[in-house]
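**Student:** Below: one structure in structure tokens.
Shown next, in the form of structure tokens:
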């Protein structure tokens, strides 16, 4: 990560309140995901569960750059994106446990949640499909002249899906207000990017469509925010899509069933010790004199309380009514 | 009332809806400047502008996906997949996204898109320009599947589809675009203007989705058909000299089971006709439904007349095509049963 050192050497300016907010929001995602992992281990969450731990700076940095009305769409590793959008932790956790109180009343599960109110367009389990859907949302923005930008997230694995490039072409051709974010956590499930991808600098993937690309230190929330601001402004001006490659890392396995034998413990430990996005902001807050250990502990307590409550809610919320099986298939008269 | 062929009727439906609703837009391969490979969108770009009717790259997955995203954010896109044979690259988006968005968001998001696509044979298109893949879509919960058989229905069904809040796929029998084709392929082509269903109002009207139509009343047996086969079945009834009741299903999903059951209970016999390949075709579903609902009224085994289980052959077009002779033979068999 050659550019990582550059961006950390000259951190973009952020106020104490901003930094504290990013710290709190990233910590909420991390604690939420840790709890989700525990509930999974206890058998309270079934099926698939992809944790976002390690990648928190990407969604929080982007969210800090976005404006009210901008939309988010992403793939299956979506819990962090939903919390970043301001969706309620209770509703997300209860969807993980498949309960009536979940965002999709238990009918979606971990990978399939939505919130019209928060402009979150899902949670999609088909790898790469959301990139093309987000392009359509961006088209609707342009058509309705609403000034909004769609932020479409995908992973380094999804970057090899053909339909991504169909959509890149359309977005550039029609100058759609969309920002493509490839969260390059360097592993498509168990396949390291070097084993799947001929050109591993994914920000170059837009070149033949005239889509500018930028490599960003995705472990640095301020670097993400600055890159996001530029890309969003460009989209809002009608200049079309930008591709941001967020170099990031997931600490946990691809999903809960992944023993992660395709990488070494040392590699994971090195990322945790030297590049953790939350520790990075914590250090900034303390070094700049914006907060002390006590204040940060208080934030941790507040965040833990939200997460504990969500886990409680997710276990107390009733199972969906059996009649729900047959609803929401087609429009009901 | 003007006489329209099916192309003109479909064009009129899109024109009417684009005029009424600014959220309706039309796009696809060659639909804008060129006006569509079969001219179904001719003049729409000129009249409604480049932002309402435009050309897309040749990328069916991307086209379908863009339409889903537009629909999820309040637009009502009408897309054309140039031939039903080209739909497969978009199948993932249709099945995994369009059909499922409503369910997995518990009704929060929907994909109110309309997908038009010409299907079927009879034009020597060979295996990649003749297929009838409707059963791949009727098998998928969450989408509606429509097959018109005449200009009046084509316009009314397309308007109903655009106004519908669910994703709707309209398979347009391309052999019927310019005239009602009854399968006697050596006869001269008859234009729509000579057919009563070519009388199409210029303005807005709908033909409701999910409603079949009895196009020929009869007492001997019931024929279930859609698209081109509606005309073939009627010709076959004349040829066989059988008092057949012919039902044009018009919408496959949701199926108008009441109309089907009422007819089969009356006649006690049933012949199912479709152009698609036989195995796991929509006829298999119809056959199952009829025996479930009408078993004790049946006086003979249900018969299916379909395309063969082969790729659509170029050289053997009329051997593959379930024409009036084959349908008439089946009718006679069922009457003897």
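Chains as they are written, first to last, in the working numbering: chain D, 3 to 335; chain A, 292 to 628.
Cβ atoms here follow ideal geometry from the backbone N, Cα and C, with glycine treated the same way.
With DSSP collapsed to three states, give me the class of residue 117 of chain D.
**Tutor:** Start at 1 with the first residue of the first chain, and residue 117 of chain D comes out as number 115. Residue 117 of chain D: strand per DSSP, three-state reduction.
**Student:** Checking 8 Å against the spacing of the C-beta atoms, do residue 555 of chain A and residue 539 of chain A come in under that value?
**Tutor:** Sequence index remark: in the second chain, residue 555 of chain A carries index 264 (1-based). Sequence index remark: in the second chain, residue 539 of chain A carries index 248 (1-based). Not a contact, by the Cβ cut-off of 8 Å.
**Student:** Residue 64 of chain D by DSSP, collapsed to three states: which one?
**Tutor:** Taking the first chain and counting its residues from 1, one reaches residue 64 of chain D at position 62. The answer is helix: DSSP assigns residue 64 of chain D an H, G or I state.
**Student:** Excluding sequence positions up to five away, which residues of its chain have a Cβ less than 8 Å from the Cβ of residue 341 of chain A?
**Tutor:** The residue given as residue 341 of chain A occupies position 50 in the second chain. For residue 341 of chain A, where only same-chain residues beyond five positions count, the Cβ hits under 8 Å are 323.
**Student:** Less than 8 Å between CB atoms is the rule here; does residue 488 of chain A satisfy it with respect to chain D?
**Tutor:** One-based indexing of the second chain puts residue 488 of chain A at position 197. Output row for residue 488 of chain A: interface = no.
**Student:** If you compare alpha carbons, which of D:46, D:322, D:326, D:311 is closest to residue 90 of chain D?
**Tutor:** Here residue 90 of chain D is taken as the residue at index 88 of the first chain, counted from 1. Residue D:311 is the option with its Cα nearest to residue 90 of chain D.
**Student:** With DSSP as the reference, please indicate the residues paired to residue 319 of chain A in a beta bridge.
**Tutor:** By 1-based counting over the second chain, the position of residue 319 of chain A is 28. According to DSSP, which records beta bridges pairwise, residue 319 of chain A is partnered with A:346, A:371.
**Student:** Is residue 336 of chain D close to chain A, meaning its C-beta is less than 8 Å from at least one C-beta of that chain?
**Tutor:** Summary: the structure shown does not reach residue 336 of chain D, with chain D confined to residues 3 through 335, and so no result is reported for it.
**Student:** What does DSSP give as the partner residue(s) for residue 611 of chain A in the beta ladder?
**Tutor:** Numbered from 1 along the second chain, position 320 holds the residue referred to as residue 611 of chain A. Partner(s): none; residue 611 of chain A has no beta bridge.
**Student:** Using 8 Å as the cut-off, can you tell me whether the region 403-420 of chain A makes contact with the region 373-380 of chain A, which would need three or more C-beta pairs spanning the two stretches below that distance?
**Tutor:** In short, these stretches touch, since the Cβ pair count reaches three.
**Student:** Tell me, please, whether the CB atom of residue 172 of chain D is closer than 8 Å to any CB atom in chain A?
**Tutor:** Within the first chain, residue 172 of chain D is the residue found at index 170, counting from 1. Yes, residue 172 of chain D counts as interfacial toward chain A.
**Student:** Pick helix, strand or coil for residue 207 of chain D, following the three-state DSSP scheme.
**Tutor:** The sequence position of residue 207 of chain D within the first chain is 205, counting from 1. The answer is helix: DSSP assigns residue 207 of chain D an H, G or I state.
**Student:** Could you give the distance in angstroms between the alpha-carbon of residue 613 of chain A and the alpha-carbon of residue 549 of chain A?
**Tutor:** In the second chain, residue 613 of chain A corresponds to position 322, counting from 1. In the second chain, residue 549 of chain A corresponds to position 258, counting from 1. Straight-line Cα distance between these residues: approximately 26 Å.
**Student:** In terms of alpha-carbon separation, which member of D:23, D:48, D:92 lies closest to residue 59 of chain D?
**Tutor:** One-based indexing of the first chain puts residue 59 of chain D at position 57. It is D:23.
**Student:** Tell me residue 122 of chain D's beta-bridge partners as DSSP assigns them.
**Tutor:** Within the first chain, residue 122 of chain D is the residue found at index 120, counting from 1. DSSP, once it has assigned bridges, lists D:74, D:117 as partnering residue 122 of chain D.
**Student:** Which one or two residues does DSSP pair with residue 157 of chain D in a beta bridge?
**Tutor:** Taking the first residue of the first chain as position 1, residue 157 of chain D is located at position 155. Paired residues: D:185.
**Student:** Report the start-end ranges of each alpha helix (DSSP H) in the region 254-287 of chain D that is 4 residues or longer and not cut off at the edges.
**Tutor:** As far as the region 254-287 of chain D is concerned, its whole alpha helix (DSSP H) runs of at least 4 residues are 267-277.
**Student:** What's the call for residue 318 of chain A, buried or exposed, on a 16-neighbour Cβ count within 10 Å?
**Tutor:** The residue labelled residue 318 of chain A in the question sits at position 27 within the second chain. By the neighbour-count rule (16 or more Cβ atoms within 10 Å), residue 318 of chain A is buried.
**Student:** For residue 330 of chain D, decide whether its Cβ has a neighbour in chain A, counting only Cβ atoms nearer than 8 Å.
**Tutor:** For the purposes of this step, residue 330 of chain D is taken as residue 328 along the first chain, with counting starting at 1. True, the Cβ-Cβ gap to chain A drops below 8 Å.
**Student:** Taking Cβ-Cβ distances shorter than 9 Å, what residues in chain D pair up with residue 400 of chain A?
**Tutor:** As a first step, residue 400 of chain A must be located in the second chain, where it is residue number 109. Chain D residues near residue 400 of chain A: 116, 118, 123, 124.
**Student:** Assuming contact is defined by CB atoms lying nearer than 8 Å, are residue 384 of chain A and residue 134 of chain D in contact in what I supplied?
**Tutor:** The sequence position of residue 384 of chain A within the second chain is 93, counting from 1. The sequence position of residue 134 of chain D within the first chain is 132, counting from 1. Their beta carbons are under 8 Å apart, which means residue 384 of chain A touches residue 134 of chain D by this criterion.
**Student:** Applying the criterion that 16 or more other CB atoms from any shown protein chain within 10 Å of the CB defines a buried residue, is residue 8 of chain D buried or exposed?
**Tutor:** In the first chain, the residue the question calls residue 8 of chain D occupies position 6. Low confidence applies here, because residue 8 of chain D scores a pLDDT of 46, under 50, leaving its location unreliable and the question unanswered by this model.
**Student:** Counting pairs of Cβ atoms below 8 Å between the region 579-596 of chain A and the region 485-493 of chain A, do you hit three or more?
**Tutor:** Contact between the region 579-596 of chain A and the region 485-493 of chain A is absent, because fewer than three Cβ pairs lie under 8 Å.
**Student:** Going by the CB atoms, is the gap between residue 437 of chain A and residue 629 of chain A shorter than 8 Å?
**Tutor:** One cannot answer for residue 629 of chain A here, as it falls past the ends of chain A, which runs 292 to 628.
**Student:** Taking only the alpha-carbon atoms, compute the straight-line gap between residue 118 of chain D and residue 157 of chain D and give it to the nearest angstrom.
**Tutor:** Locating residue 118 of chain D in the first chain gives position 116, where the first residue counts as 1. Locating residue 157 of chain D in the first chain gives position 155, where the first residue counts as 1. Straight-line Cα distance between these residues: approximately 23 Å.
**Student:** Please report the straight-line C-alpha distance between residue 331 of chain A and residue 367 of chain A, rounded to a whole angstrom.
**Tutor:** To locate residue 331 of chain A, count along the second chain from 1; it is residue 40. To locate residue 367 of chain A, count along the second chain from 1; it is residue 76. When rounded, the distance between both Cα atoms is 18 Å.
**Student:** Let me check one thing: in DSSP terms, what residues is residue 144 of chain D bridge-paired to?
**Tutor:** As a first step, residue 144 of chain D is located in the first chain; it is residue number 142 there, counting from the start. Residue 144 of chain D is not bridged to any residue.
**Student:** With residue 468 of chain A as the anchor, note down where its alpha helix (DSSP H) starts and where it stops.
**Tutor:** Position 177 of the second chain holds residue 468 of chain A. Neither: residue 468 of chain A is in no alpha helix (DSSP H) and is coded neither H nor E.
**Student:** By DSSP, does residue 570 of chain A sit in helix, in strand, or in coil?
**Tutor:** Taking the second chain and counting its residues from 1, one reaches residue 570 of chain A at position 279. In the structure shown, residue 570 of chain A sits in coil (DSSP, three-state: anything other than H, G, I, E or B).
**Student:** Compare the C-beta of residue 135 of chain D against all C-beta atoms of chain A and say whether one is closer than 8 Å.
**Tutor:** Position 133 of the first chain, counted from the start, is the residue given in the question as residue 135 of chain D. By this cut-off, residue 135 of chain D is an interface position.
**Student:** Would the region 43-62 of chain D and the region 220-228 of chain D be scored as touching if the rule is three or more Cβ pairs under 8 Å?
**Tutor:** Output reads yes: the region 220-228 of chain D touches the region 43-62 of chain D.
**Student:** Using CA coordinates, which residue listed in D:282, D:246, D:26, D:167 is at the minimum distance from residue 216 of chain D?
**Tutor:** Indexing the first chain from 1 puts residue 216 of chain D at position 214. Here the closest residue by C-alpha is D:246.
**Student:** Taking all protein chains shown into account, decide if residue 606 of chain A is buried (16 or more other Cβ within 10 angstroms of its Cβ) or exposed.
**Tutor:** Working through the second chain from its first residue, we reach residue 606 of chain A at position 315. It is exposed - the Cβ of residue 606 of chain A has fewer than 16 other Cβ atoms within 10 Å.
**Student:** Assign residue 306 of chain A to one of three DSSP states: helix, strand, or coil.
**Tutor:** Mapped onto the second chain, residue 306 of chain A falls at position 15. In this structure, residue 306 of chain A counts as helix in the three-state DSSP scheme.
**Student:** Under DSSP, the beta strand (DSSP E) around residue 215 of chain D begins and ends at which residues?
**Tutor:** In the first chain, counting from the first residue as 1, residue 215 of chain D sits at position 213. Element bounds for residue 215 of chain D: 215-219.
**Student:** Among D:170, D:187, D:185, which one has its Cα closest to the Cα of residue 179 of chain D?
**Tutor:** By one-based count along the first chain, residue 179 of chain D stands at place 177. It is D:170 whose Cα lies nearest to the Cα of residue 179 of chain D.
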